[in-house]
Each structure stands twice: as C-alpha cells, then as structure tokens.
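Residue numbers (UniProt numbering): 1 to 196. Idealized CB from N, CA, C, for every residue including glycine. Here is the structure we will look at, set down as structure tokens.
Laid out in structure tokens, this is it:
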C-alpha cells in the first residue's frame, strides 16, 4: 500500500511541477508575433507619442546585431511615424510603460529583401524590448484656446494663449521656443513639436 501511495505522490509531483506554463505567443494579422515577458503597469502609447525603449536585436540563429543596453543608452522614436521598422511600430503600440516584450518580426515588417549592416536580406528578426517612457504627442488642437491677438509693426499676427511668468529676453539673447506655423487657410506647415 505504501508503494502505491509513493507512486501516486510521485506522479502528482511530476504533473504539478513539470507543467510550467509557457508564455503565450500572440500572432497578429500582419504576421508579427510577440510574447509578453513582463506586463507593464504604466501608460500605453498612442500614434504620434515619443517612446523610449531599451532593446536587444538578434537573428534567427541567436546572433546579436544590436543592443541599446550594450551602449548603455536608451533609444527614442515617434510611434507610428515610420522612423523604425513596421514591426516595432506595431509591436510597441500595445505595450505599457514598464513592460518587456519579445518581438518576432517577419522580413516584410523588418528590412525585407534588402540587407542592412550585419542583417542579411529576408531575415526574421527577434527583439527584446522594454518600454521605459512615453511622452504624449503635442496636438495642434492645443492651439484652439482663447487668447489675446497681437499684431506686430512688421505685420506678424500672434495669438498669445498663456502669458509667461519669467523674465523677458533682451535683444541678442538666445531663447528656446516651441512653435507651430499655420497658414491663414489653416494648413499646418511645420511644428517643432513634431521633432520632440
């Protein structure tokens, strides 16, 4: 009887301890696959937000081709602006700050049929990324506020939405500003907010 009890306990132990759950591989319609290694608890980015990440990129055979961790310097880019490969834009869009994710990127969402650096053409790329920070995008609708219109002697029309509280700069001093240039027909020409 003791032998049967011993066998039963052994089998139950093997089943219980041998069934570690593997992380779920999620495959999107585009072909991107990802595995959440750590679910973040911070903010999720939106298209146009600036995201800051640490990452390590490897080829299918495990060869590392790049890592921000090796440089001890994070990498930032504007999400959805085409500044990075499509697999990154898609793969980071549903992460939250503090999250870590493994992205398995097919060639069509990576560098495709062109080789770049040490990455051969048509490579499947694997990136382990950590979302460190999200800086929300500036929206031109922020200018849809009441303000005081000012017309300068040279003919420049400005709308002052909020008066500053610091010192007024003198001629010849260097200042740092953000601006958005909009034509009278409301076409937006450029904005420093697009560059972060």
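Proximity of residue i and residue j at Cβ, strictly below 8 Å
i: residue 101; j: residue 134; result: no
i: residue 93; j: residue 45; result: yes
i: residue 34; j: residue 91; result: yes
Residue i versus the options, residue with shortest Cα-Cα distance
i: residue 120; options: 61, 27 and 76; result: 61
i: residue 124; options: 104, 98 and 65; result: 104
i: residue 126; options: 64, 38 and 42; result: 64
i: residue 71; options: 147, 53 and 82; result: 53
i: residue 40; options: 147, 131 and 26; result: 131
i: residue 37; options: 66, 95 and 89; result: 95
i: residue 88; options: 118, 136, 147 and 28; result: 28
i: residue 49; options: 69, 76, 107 and 68; result: 76
Start-to-end residues for the beta strand (DSSP E) that takes in residue i
i: residue 76; result: 75-78
i: residue 68; result: Taken as a continuous stretch (DSSP letters only), residue 68 belongs to no beta strand (DSSP E), being part of the alpha helix (DSSP H) at 68-71.
i: residue 36; result: 33-38
i: residue 51; result: 50-59
i: residue 124; result: Counting along the chain, residue 124 falls outside any beta strand (DSSP E), and DSSP gives it neither H nor E.
i: residue 152; result: Premise fails: residue 152 is in no beta strand (DSSP E) and is neither H nor E.
Assigned exposure category for residue i - 16 Cβ within 10 Å defines buried
i: residue 158; result: exposed
i: residue 26; result: exposed
i: residue 85; result: buried
i: residue 78; result: buried
i: residue 155; result: exposed
Opening and closing residue of the alpha helix (DSSP H) in which residue i lies
i: residue 89; result: 86-92
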